[in-house]
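Throughout, this note's numbering is defined as the position within the sequence shown, counted from one, plus 2.
Ideal Cβ placement from N, Cα and C applies to all residues, glycine included.
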Amino acid sequence: MESLNKGFRRAATRARGARLLSMLVLSMTVVLTRAQQLPEPVEIPAAATALEGLPTSLVSSDENGTEKRVLNTGEATKNRVLVTVLNGKFYWASRGNRQLEMHQSGAFTYLYEGPGAYIKFARVGNKIVYLEHANIFLSTLTYWGEMKIITGR
């Protein structure tokens with residue numbers, strides 16, 4: 003009977019070890035998969051003439067609540083973001099050509115106009131993703147989408 007108990011204990015120990023190893027492998031797979039999707043800084047080439055973004059969704063918020071909407075093609079086109087680059091300076095062409103200041107924070111680049119008005123973007127995989135945020139009195143609009151860098155126009 004004693005040898006039978008030792009056999010069960012050894013088998014149980016091996017099974018726990020195998021489960022632990024499989025959990026470790028699974029955890030590492032998840033970590034490596036997520037690591038591939040971490041945001042990275044975007045290099046804006048010297049030849050850049052514009053940054054264009056097409057939003058896919060809008061989050062609007064005010065004292066009555068917050069709403070997220072997926073934009074249709076017409077809404078996306080109407081609310082695209084356009085930043086022109088002229089002599090190394092950035093201008094928010096889709097919002098009255100206001101001059102923007104560029105700031106880098108970790109993987110994120112910010113084009114900042116003032117309190118509550120900015121564009122934030124980073125590279126995730128092979129895409130440049132962005133959000134455009136604007137405060138309007140006591141409400142906010144945040145567009146989310148993909149951006150591309152235009153060179154040589």
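Taking the straight line between their C-alpha atoms, what separation do you get for GLU134 and LYS150? Within the sequence shown, residue 134 is the residue found at index 132, counting from 1. Within the sequence shown, residue 150 is the residue found at index 148, counting from 1. GLU134 and LYS150: Cα-Cα distance of roughly 14 angstroms.
Buried versus exposed, by CB contacts within 10 Å (16 or more), LEU88 | Taking the sequence shown and counting its residues from 1, one reaches residue 88 at position 86. The Cβ neighbour count for LEU88, taken over all protein chains shown within 10 Å, is under 16; the residue is labelled exposed.
Next item on the list: Just the C-alpha distance for ILE46 and ILE130, rounded to the nearest angstrom, thanks.
Entry: Mapped onto the sequence shown, residue 46 falls at position 44. Mapped onto the sequence shown, residue 130 falls at position 128. Approximately 11 angstroms between the Cα atoms of the pair.
**OP:** Kindly indicate which residue of LEU140, GLU148, GLU103 and GLY147 has the alpha-carbon position closest to the one of THR68.
**Re:** In the sequence shown, counting from the first residue as 1, residue 68 sits at position 66. THR68 has its Cα closest to that of LEU140, out of LEU140, GLU148, GLU103 and GLY147.
Q) Can you give the Cα-Cα distance for GLU103 and TYR112, rounded to whole angstroms? A) Taking the first residue of the sequence shown as 1, we reach residue 103 at position 101. Taking the first residue of the sequence shown as 1, we reach residue 112 at position 110. If I take the Cα positions, the gap works out to 8 angstroms.
Notebook entry, point to check: Ordered along the chain, which non-local residues of its own chain (more than five positions away) have a Cβ less than 7 angstroms from that of VAL126?
Noted result: As a first step, residue 126 must be located in the sequence shown, where it is residue number 124. Excluding positions up to five away in sequence, the list reads GLN39 and PRO41.
What separation, rounded to the nearest whole angstrom, lies between the Cα atoms of ASN137 and GLN106? Looking up residue 137 in the sequence shown gives position 135. Looking up residue 106 in the sequence shown gives position 104. The alpha-carbon atoms of ASN137 and GLN106 are separated by roughly 21 angstroms.
Range covered by the alpha helix (DSSP H) that runs through GLU77
Translated into the one-based positions of the sequence shown, residue 77 becomes position 75. For GLU77, the enclosing alpha helix (DSSP H) stretches over residues 75 to 80.
Worksheet entry | Distance, GLY116 Cα to LYS80 Cα | Here residue 80 refers to the residue found at position 78 of the sequence shown. Here residue 116 refers to the residue found at position 114 of the sequence shown. Cα-Cα distance, rounded: 23 angstroms.
Open item on the list: Please report the distance separating the alpha-carbon of ASN74 from that of VAL85.
Closed with: Translated into positions along the sequence shown, residue 74 becomes position 72. Translated into positions along the sequence shown, residue 85 becomes position 83. Pairing ASN74 with VAL85, the inter-Cα distance amounts to about 22 angstroms.
Please confirm whether GLY154 and ALA78 have their CB atoms less than 8 angstroms apart.
-> Translated into positions along the sequence shown, residue 154 becomes position 152. Translated into positions along the sequence shown, residue 78 becomes position 76. No, the Cβ-Cβ distance between GLY154 and ALA78 is not below 8 angstroms.
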